[in-house]
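Sequence lines, in order, name chains A and Y.
Just so we're aligned, residue 1 is where the first sequence starts under the working numbering, counting upward by one.
Just so we're aligned, residue 260 is where the second sequence starts under the working numbering, counting upward by one.
All residues carry an ideal CB built from backbone N, CA and C; glycine is no exception.
First up is the structure itself, then whatever we jot down about it.
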Amino acid sequence: MNADVVARVIPCLDVTDGRVVKGVNFVGLRDAGDPVELAARYDAQGADELVFLDITASSDKRNTMIDVVSRVAEEVFIPFTVGGGIRSVDHARAMLRAGADKVSVNTAAVENPQVIADIAAEFGTQCAVCAIDAKWDKDTSSWVVYLHGGRTRTDLNAVAWAERAVSLGAGEILLTSMDRDGTRDGFDVELTRAVTSAVNVPVIASGGVGTLDHLADGVLQGGATGVLAASIFHFGEHTISEAKEVMSRRGIRVRPAVS
Amino acid sequence: MTTTPKVAVLDYGIGNLRSAQKALQKVGADAILTREHGEIEAADAVVLPGVGAFGACMDALRQADLESAVHGAVNAGVPFLGICVGMQMLFDASEEDASAEGLGIIPGTVQWIPDTVQRPQMQWNQLHILHDDAMFAGLGRAPWMYFVHSFHGVPTHSADTVATVHYGQTLNVAFRRNNVFATQCHPEKSAHDGLALLANFVQWARV
Chain A
1 MNADVVARVI
11 PCLDVTDGRV
21 VKGVNFVGLR
31 DAGDPVELAA
41 RYDAQGADEL
51 VFLDITASSD
61 KRNTMIDVVS
71 RVAEEVFIPF
81 TVGGGIRSVD
91 HARAMLRAGA
101 DKVSVNTAAV
111 ENPQVIADIA
121 AEFGTQCAVC
131 AIDAKWDKDT
141 SSWVVYLHGG
151 RTRTDLNAVA
161 WAERAVSLGA
171 GEILLTSMDR
181 DGTRDGFDVE
191 LTRAVTSAVN
201 VPVIASGGVG
211 TLDHLADGVL
221 QGGATGVLAA
231 SIFHFGEHTI
241 SEAKEVMSRR
251 GIRVRPAVS
Chain Y
260 MTTTPKVAVL
270 DYGIGNLRSA
280 QKALQKVGAD
290 AILTREHGEI
300 EAADAVVLPG
310 VGAFGACMDA
320 LRQADLESAV
330 HGAVNAGVPF
340 LGICVGMQML
350 FDASEEDASA
360 EGLGIIPGTV
370 QWIPDTVQRP
380 QMQWNQLHIL
390 HDDAMFAGLG
400 RAPWMYFVHS
410 FHGVPTHSAD
420 TVATVHYGQT
430 LNVAFRRNNV
440 FATQCHPEKS
450 AHDGLALLAN
460 FVQWARV
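In structure tokens, the structure reads:
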């Protein structure tokens, strides 16, 4: 890896009805707090970026998310990405206007790849994050893309889709392993490595973090430059500072956390 | 001397201008987004933000009729801050778009960062401060700032560079020319170090 890379630790906040929630395998959602309060705490602890995913993502709730984004932007002075239900340039614009730095598109990008190109053309590739939910498929010995929060299987090869998304203008890939999400067994580093080897944009590894060493594995074994986790931070198990200490001890360059 | 200085953030219709506005408000400025020449002339300080492509930003700045307002503020001697592509536009030209003419306030050109590293640099990195500057007061010798860029400024007069970062090679990322301070990083997205830099700008605007 380029010695000048500084890995990013990225807490992820799943938001519904204006609250942060965390489920295990998409069931049993547990309230994890107020998004603004949590985001400000992570900023103060030294998080490098934040990701907010609107997990309701129904169009009638969009204004709730816009309100969350604009309240976060009042209090948080690190970059943040907003995803979940963004289907058009207009949706993207609303989130960016409210104060988001980047938007991530997932299902909509597969259904209409042009949306990535449109967002990149309108706001720059640095704004356009392609989120990919991938799961190992035994029959084809490849990772395939899932949509609608993991409920719908496609025949799309995840690595090929990542390459296509980048060629369309995605400036970053947010890569979640459906096999590992919620397991606490660590990132799928093979999946991560397959994607980071195929594309020349930053890749954020996601899904499966149970220990702080898993974060370091995502960088060292997976080649990710960003590592995303939710539960280990939300419920006070670990702080950002502890995460960075472990990563630093494993030889990864990080921005020191605030003491 | 005003305790809450008025800072005009030039609004030419691109980018996430609200971030810069909110960060300036957080550190004590009365920050407004504006393209009204009267408001800009009345401001204690002026910020030129920018995001996206050099040529598109120059076009948008000219379409918003703000080129003369930039020169007016720079010539009037008020504290002036260029951020990201707002910094790049202060140069004469950019390798990104040979047909686009820059503002020519910092002599020099904007050039690609090397292709031996992933472009853009989208991460935090540590400034290496070359020259003491009131904008760096209290920040230590190596503050951490957030970057998103594929280009960096190469001034004709090397003394105009006040800070660098290392990414593939040494990149010039902050510049000072009289009342103009310009930086490639995003202080409005750089947590406490970034807010401290903006607080120094607001403090300067109070003088």
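Taking 8 angstroms as the CB threshold, residue 307/Y stays off the interface with chain A. Remark: C-beta atoms of residue 273/Y and residue 319/Y approach each other more closely than 8 angstroms. For residue 316/Y, the uninterrupted alpha helix (DSSP H) segment begins and ends at 313–322. An exposed status is given to residue 466/Y, since fewer than 16 other beta-carbon atoms sit within 10 Å of its beta-carbon. Interface with chain A (8 angstroms Cβ-Cβ cutoff): residue 432/Y is excluded. Residue 301/Y counts as exposed, since fewer than 16 other C-beta atoms from the protein chains shown sit within 10 angstroms of its C-beta. For residue 398/Y against residue 452/Y, the beta-carbon gap comes to about 6 angstroms, under 8 angstroms, which counts as contact. Interface residue (Cβ-Cβ distance to chain Y less than 8 angstroms): residue 4/A is classified as such. Note that the C-beta distance between residue 108/A and residue 86/A is below 8 angstroms.
Look at the beta carbons and you see the segment 426–446 of chain Y touching the segment 371–387 of chain Y: at least three pairs across the two are nearer than 8 angstroms. Residue 366/Y sits in coil when the DSSP states are folded into three classes, being neither helix nor strand. Here residue 111/A is exposed. Its C-beta has fewer than 16 other C-beta atoms within 10 Å. In the three-state reduction of the DSSP assignment, residue 416/Y falls in the coil class, being assigned neither a helical nor a strand state. In the DSSP assignment, residue 144/A is bridged to 135/A, 157/A. Annotated three-state conformation of residue 377/Y is coil, per DSSP. At the C-beta level, residue 191/A and residue 134/A come within 8 angstroms of one another. DSSP places residue 452/Y in the uninterrupted alpha helix (DSSP H) bounded by 450–465. In the structure shown, the three-state DSSP call for residue 116/A is helix.
Taking 8 angstroms as the cut-off between beta carbons, the residues of the segment 427–459 of chain Y near chain A are 427, 445, 447, 448, 449, 450, 451, 453, 454, in sequence order. The shortest C-alpha to C-alpha distance from residue 165/A to any of 193/A, 32/A, 129/A is the one to 129/A. Linking residue 406/Y to residue 384/Y through their CA atoms gives a straight-line distance of about 7 angstroms. Annotation: residue 461/Y has no Cβ neighbours in chain A at a cutoff of 7 angstroms; minimum Cβ distance is about 14 angstroms.
When the five nearest sequence neighbours on each side are left out, the beta carbons in the same chain lying within less than 7 angstroms of the beta carbon of residue 202/A are those of 172, 225, 226, in order along the chain.
Residue pairing for residue 341/Y: DSSP places it in a beta bridge opposite 307/Y, 441/Y. Only those residues of the segment 65–83 of chain A whose C-beta falls short of 7 angstroms from the nearest C-beta of chain Y are listed: 73, 74, 77, 78, 79. With fewer than 16 other Cβ atoms from the protein chains shown falling within 10 Å of its own Cβ, residue 138/A counts as exposed. Only residues of its own chain outside the window of five on either side were considered, and among them 341, 346, 349, 434 have a CB closer than 6 angstroms to the CB of residue 441/Y, listed in chain order. Between the segment 92–102 of chain A and the segment 143–163 of chain A there are fewer than three inter-stretch CB-CB distances shorter than 8 angstroms, so the stretches are not counted as touching.
Looking from the CA of residue 247/A, the closest CA among 221/A, 88/A, 121/A, 175/A belongs to 221/A.
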